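Structure, as structure tokens:
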Amino acid sequence: MSATRLLVLGVVRLHGQAHGYLVGSELDSWEVAQWAGLRSGSIYHALRQLAKDGLLDATEVHEWPGRIDYAINDKGEAEFFGLLRSALSVPDRRPELLGAALALLPALPEKEALALLKERLRALEVEHARIEAAVDEQERPAHLRELFGLRAAQAANDAAWTRGLISRLERGDEPA
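Its first residue numbered 894, the sequence shown is counted upward by one per residue in our numbering.
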């Protein structure tokens, strides 16, 4: 899954119709270059590829030579929601995926967002237990024990953060 794909589909969906500069400006305001490594060239490439894949409809704007406006279609909507649901519910070591999902969280009904985050929490708890058990299963060299320890700590941290987000959403502290 690509954070770029999710973000670009999400911004086009958010605006209804958008050209590359508008998508880039919106994503710049979210500071995606810092947390997702997304640059303007990637945005234009993603727009063209999403149109080629049949997820966006492209329309040339005759008043502005070279400008193309994009609109999300039904296939793009399905892809967007599939990517968003997966990014929220399936733990992934690429933080830009979760960042993209959080940026686009308001696209989902609150009840569904909470259910997906609870699914994520369960998966993180299972992952943490599995890693802890793997460390205890056999004698490992010290450097590998440290690696397993790091992974276990990351899973525990991610679970604690997810638990906190769920709690904040349930209290109504965060928009969803």
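Glycine is no exception: its CB is placed at the ideal position from the N, C-alpha and C atoms.
Source: prediction; values computed, not measured.
| message | Please classify Val925 as buried or exposed, where buried requires at least 16 other C-beta atoms within 10 Å of its C-beta. | response | The count along the sequence shown starts at 1 and reaches residue 925 at position 32. Buried: at least 16 other Cβ atoms inside 10 Å.
| request: Locate the beta strand (DSSP E) running through Leu977, then write down its first and last residues. | output: Here residue 977 is taken as the residue at index 84 of the sequence shown, counted from 1. That residue, Leu977, is in no beta strand (DSSP E); its alpha helix (DSSP H) goes Asp967 to Ser982.
| said: For Ser933, which residues in the same chain have their Cβ closer than 6 Å to its Cβ, ignoring the five residues on either side in sequence? | reply: In the sequence shown, residue 933 corresponds to position 40, counting from 1. Excluding sequence neighbours, Ser933 sits near Gly917.
| query | Quick one, are the C-beta atoms of Pro984 and Ala1016 less than 7 Å apart? | reply | Here residue 984 is taken as the residue at index 91 of the sequence shown, counted from 1. Here residue 1016 is taken as the residue at index 123 of the sequence shown, counted from 1. Taking C-beta atoms as the reference points, Pro984 and Ala1016 count as a pair closer than 7 Å.
| From Trp957 to Gln942, what does the alpha carbon distance come to, in whole angstroms? | For the purposes of this step, residue 957 is taken as the residue at position 64 of the sequence shown. For the purposes of this step, residue 942 is taken as the residue at position 49 of the sequence shown. In a straight line, the C-alpha of Trp957 is about 21 Å away from that of Gln942.
| said: I need the boundaries of the alpha helix (DSSP H) containing Glu956, first residue and last residue. | reply: Here residue 956 refers to the residue found at position 63 when the sequence shown is read from its first residue. Counting along the chain, Glu956 falls outside any alpha helix (DSSP H), and DSSP gives it neither H nor E.
| Bridge partner(s) assigned by DSSP for Ile1059 | For this step, residue 1059 is matched to residue 166 along the sequence shown. Ile1059 pairs with nothing; no bridge assigned.
| request: For the segment 993-1008 and the segment 972-983, state whether three or more C-beta atom pairs, one from each stretch, are separated by less than 8 Å. | output: yes
| message | Judging by CA-CA distance, which residue of Ala1035, Ala1006, His1036 and Glu1020 is the nearest neighbour of Gly855? | response | No answer is possible for residue 855: it lies beyond the span of the chain, which begins at 894 and ends at 1069.
| task | Name the two residues that bound the continuous alpha helix (DSSP H) containing Ala926. | result | Start at 1 with the first residue of the sequence shown, and residue 926 comes out as number 33. Start and end: Val925 to Trp928.
| request: Could you pull out every residue in the same chain whose Cβ sits closer than 6 Å to the Cβ of Ala996, ignoring the five residues on either side in sequence? | output: Translated into the one-based positions of the sequence shown, residue 996 becomes position 103. Excluding positions up to five away in sequence, the list reads Trp923.
| Who are the Cβ neighbours of Glu1018 in its own chain at under 6 Å, not counting the five residues just before and after it? | Taking the sequence shown and counting its residues from 1, the one referred to as residue 1018 is at position 125. Cβ within range, chain order: Ala1052.
| request: Buried or exposed for His1021, please, with buried defined as at least 16 other CB atoms from any protein chain shown within 10 angstroms of its CB. | output: By 1-based counting over the sequence shown, the position of residue 1021 is 128. Looking at its Cβ environment, which holds 16 or more other Cβ atoms inside 10 Å, His1021 is buried.
| request: Report the option in Leu1058, Leu902 and Leu920 whose CA atom is closest to the CA atom of Asp950. | output: Position 57 of the sequence shown, counted from the start, is the residue given in the question as residue 950. Residue Leu902 is the option with its Cα nearest to Asp950.
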